[in-house]
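Read the structure below first, then the notes.
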Amino acid sequence: MTGYQGPERVLSGIQPSGGMHIGNYLGAIRKFVDLQHEYECYFCVVDMHAITVWQDPKKLREQTFHIAASYLAAGVDPKVAAIFHQSGVRAHAELAWIFNCVARLGWLERMTQFKDKAGKDKQRASVGLYTYPVLQAADILVYQATHVPVGEDQKQHLELSRDIAAKFNHDFNQPDFFPLPEPLIKGPGARIMSLRDGTAKMSKSDASANGCVFLTDDADAIAKKIKKAKSDPDPLPSEPAGLEGRPEAANLVGIFSAFSGRSDEEVLKEFGGQGFGVFKPALADLVVEKVGPISAELNRLENDPGYLQGILTDGAERASAVADPVVKRVKEIVGFLI
Ligand code: TYM
22 MTGYQGPERV LSGIQPSGGM HIGNYLGAIR KFVDLQHEYE CYFCVVDMHA ITVWQDPKKL
82 REQTFHIAAS YLAAGVDPKV AAIFHQSGVR AHAELAWIFN CVARLGWLER MTQFKDKAGK
142 DKQRASVGLY TYPVLQAADI LVYQATHVPV GEDQKQHLEL SRDIAAKFNH DFNQPDFFPL
202 PEPLIKGPGA RIMSLRDGTA KMSKSDASAN GCVFLTDDAD AIAKKIKKAK SDPDPLPSEP
262 AGLEGRPEAA NLVGIFSAFS GRSDEEVLKE FGGQGFGVFK PALADLVVEK VGPISAELNR
322 LENDPGYLQG ILTDGAERAS AVADPVVKRV KEIVGFLI
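See below:
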């Protein structure tokens, strides 16, 4: 429990570790656009998280601009929300160290993302990859953020952030210092799966580019990927219960629902009984219609790195103005000399 009484704030971040795909868009960015007028919002490009696995420095810079441009192209207004690069606000790293001393080894050992990303040879994984969720907690709590829009895969990391906040408040007898951040996960699009495998998450690091629709894909590429998407020989059911045990069909219907703003029930009412020969072209048209304008704007913005740099620098200043006093207070609470 926490008696936090401060302002409600939203924080979220995306790693510049590859191209932005429709899973990131539907699971995260689209929510950012909706939330920006309701809350004070901080959206970062988490470059410090990205280097927990090797990143080519030149590519990292380009991808940092790419993620920032994607926020803007999707409709995040930089005058309303602060858009910045994580490494540009040093309070994140300072608080992360203190949180490394609050979080327990046993908590991190449970993190499934580390197990997935480290693979079989975890001795060769970076120490940063292991403490990655602690830095994520610092990203959130350095703004005393109360709400965190993310896709479903981030649920466990959000639980850890809450545990760290609660333990800090308890250990230092500051019951109302950190809020326990609420994940905002629900809604269609919280878990988009690969087009090549309905049981694997759509991911920036997907081995097959055909599994992923990127925001930079043109109409042709989108149509081809959806045409080639794995499906099954049966027609679509007329009710969602009929999608049980059909992960690829469920995923394609889910993508349709998420982009159209309709429920699975409604989509299946229209397409139930039809085969994928009818459904896939309709899905491709819808995705092209929704992604096309974002893609065009993204392309325009990526050709203007000077403008993007200005947005990130301004955002980092605004974010630091909120984060620095929080870290100063944390240092006092911990007993550091100020
Ligand atoms: P990342 O960069 O992997 O993903 C960014 C956001 O996109 C969501 N997402 C998806 N949603 C639906 N379906 C998918 N297939 C899919 N793939 C990704 C993710 O849930 C996320 O919301 N650890 C985070 C980055 C992070 C962060 C933070 C997030 C660092 N600090 C603080 C929130 C708050 C990550 O790796 O996201």
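Here the sequence shown is numbered in this note's numbering, starting from 22 and rising by one per residue. Ideal Cβ placement from N, Cα and C applies to all residues, glycine included. This structure is a prediction, so every number in the text was calculated from the model and none was measured.
query                                                                                                                                                                      : result
Flag residue 320 as yes when its Cβ comes closer than 7 Å to any non-hydrogen atom of the ligand TYM, and as no otherwise.                                                 : no
At the level of alpha carbons, what is the spacing between residue 299 and residue 256?                                                                                    : 10 Å
Taking all protein chains shown into account, decide if residue 131 is buried (16 or more other Cβ within 10 angstroms of its Cβ) or exposed.                              : exposed
Return the chain-ordered list of same chain residues with a C-beta closer than 8 Å to the C-beta of residue 359, the five sequence neighbours on each side being excluded. : 349, 352, 353
Given a cut-off of 8 Å on the beta-carbon distance, is the pair residue 133 and residue 165 in contact?                                                                    : no
Which word fits residue 331, buried or exposed, when buried means at least 16 other C-beta atoms lie within 10 angstroms of its C-beta?                                    : exposed
Could you tell me how far apart the beta carbons of residue 269 and residue 245 are, in whole angstroms, since I believe they sit closer than 8 Å?                         : Not a contact, Cβ separation roughly 17 Å.
For residue 205 and residue 168, what's the separation of their Cα atoms in angstroms?                                                                                     : 7 Å
Quick check: the Cα distance between residue 272 and residue 213, rounded to an integer number of angstroms?                                                               : 7 Å
Identify the continuous beta strand (DSSP E) that holds residue 168 and give its terminal residues.                                                                        : 168–170
In three-state terms, what does DSSP make of residue 33?                                                                                                                   : strand
Out of 46, 286, 281, which has the shortest C-alpha to C-alpha gap to residue 303?                                                                                         : 281
Check for me: the alpha helix (DSSP H) holding residue 81 runs from which residue to which?                                                                                : 78–95
Using alpha carbons as the reference points, say which of 173, 311, 189 lies closest to residue 158.                                                                       : 189
With DSSP run on the structure shown, which of helix, strand or coil describes residue 191?                                                                                : helix
For my contact list, residue 38 and residue 107 are in at a C-beta cut-off of 8 Å; report their separation, rounded to the angstrom.                                       : So it is not a contact: roughly 13 Å between Cβ atoms.
Looking at the secondary structure, which residues open and close the beta strand (DSSP E) in which residue 46 lies?                                                       : Element bounds for residue 46: n/a, residue is neither H nor E.
If distances are taken between C-alpha atoms only, which option among 171, 309, 103 comes closest to residue 235?                                                          : 309
Of all the alpha helix (DSSP H) runs that stay within the bounds of the stretch 110–152, which reach a length of 4 or more residues?                                       : 112–121, 126–130, 133–139
For the ligand TYM, I want to know if residue 223 counts as a neighbour, meaning its beta carbon is within less than 7 Å of at least one of the ligand's heavy atoms.      : yes
Out of curiosity, what's the CA-to-CA distance linking residue 47 and residue 56?                                                                                          : 14 Å
May I ask which residues mark the beginning and end of the beta strand (DSSP E) holding residue 173?                                                                       : That residue, residue 173, is in no beta strand (DSSP E); it is neither H nor E in DSSP.
Hey, quick one: how far does the alpha helix (DSSP H) through residue 286 stretch, first residue to last?                                                                  : 285–292
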